[in-house]
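Worksheet for the structure shown next.
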Amino acid sequence: MKCTSIEVAHAQDYVPSGSHVLDPDGTVGQGPQNAGIPRYELGMQFDLGYWNSVDPGLAAGVRFHYNFNGHVALDSELTSRRQDLQVNGLLGLRAGQRVGNSGLFVLGRAGFLHYGGANGFSYLSRNTVPAFDVGLTMEHYSNPMVLRFELGELIVPYGNAIVLPPPPPAVVFPPGPPTRLGTRVTTKVGLGVAFRF
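Per the numbering used here, residue 24 is the first one in the sequence shown, and the count goes up by one each step.
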């Protein structure tokens, strides 16, 4: 039986949304662009850098993402360092493009750095300071895992805070006067692995 052009047009109206259909050029069309992107990402994060030009070290912790779509996500991180009992928290947005099994994003986050105390000794004269983070993130996807490499700048306005001398019996030579830290900017390299779900 021969179908008229009107019948064909009506049949196309009933193709389910998100189905694979033949486009006019004969190729297979896909469903919604972001249908296959998991909403959540949770994993481990490791950050290495000359920390704000104050003290070098490695920070480790957890990272959580919520993907609004294939291009924009909520980006959060909570890490800590043993040597100065530092806890870092950052929250912000990242935006970019995914191509195949890879993605490239720019990010901007704000948060805090908190320096704890051990045996009654504090590392800084001010325990908690604000922090800002900008950078690039490169990702490789192998479902359900994602491997992440990050290069960025951490900006910390310490203000009038100073590094306190170590407690006895440590000896600092030469002692010198305490120096106001001001605003410090340091390069940060990050590596992470996460599960997407």
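The beta-carbon is built from N, C-alpha and C at its ideal position, and this holds for glycine as well.
Collapsing the DSSP output to three states places His94 in coil. Per DSSP, reduced to three states, the secondary structure at Leu127 is strand.
Around the beta carbon of Leu187, fewer than 16 other beta carbons sit within 10 angstroms, so the residue counts as exposed.
Here Phe91 has Leu97 as same chain residues with Cβ atoms under 8 Å from its own Cβ, once five neighbours each way along the sequence are excluded. Note on geometry: alpha-carbon atoms of Asn111 and Leu136 lie some 5 Å from one another. Under the DSSP assignment, Leu159 falls in the beta strand (DSSP E) whose first and last residues are Thr151 to Ser165.
When the Cα atoms are used, Pro153 and Leu81 turn out to be separated by approximately 19 Å. Spanning the alpha carbons of Leu116 and Arg62 requires a straight line of approximately 14 Å. Excluding sequence positions up to five before and after Ser103, its CB lies within less than 8 Å of the CB of Ala82, Ala83, Gly84, Gln109, Val110 and Asn111, all in the same chain and listed in chain order. Under the three-state reduction of DSSP output, Ile60 falls in the coil class, being neither helix nor strand.
Here Gln68 is buried: its Cβ has 16 or more other Cβ atoms, across all protein chains shown, within 10 Å. Counting along the chain, Arg219 sits inside the beta strand (DSSP E) bounded by residues Thr206 to Arg219. Take the alpha-carbon of Ile185 and the one of Lys211: they are about 22 Å apart.
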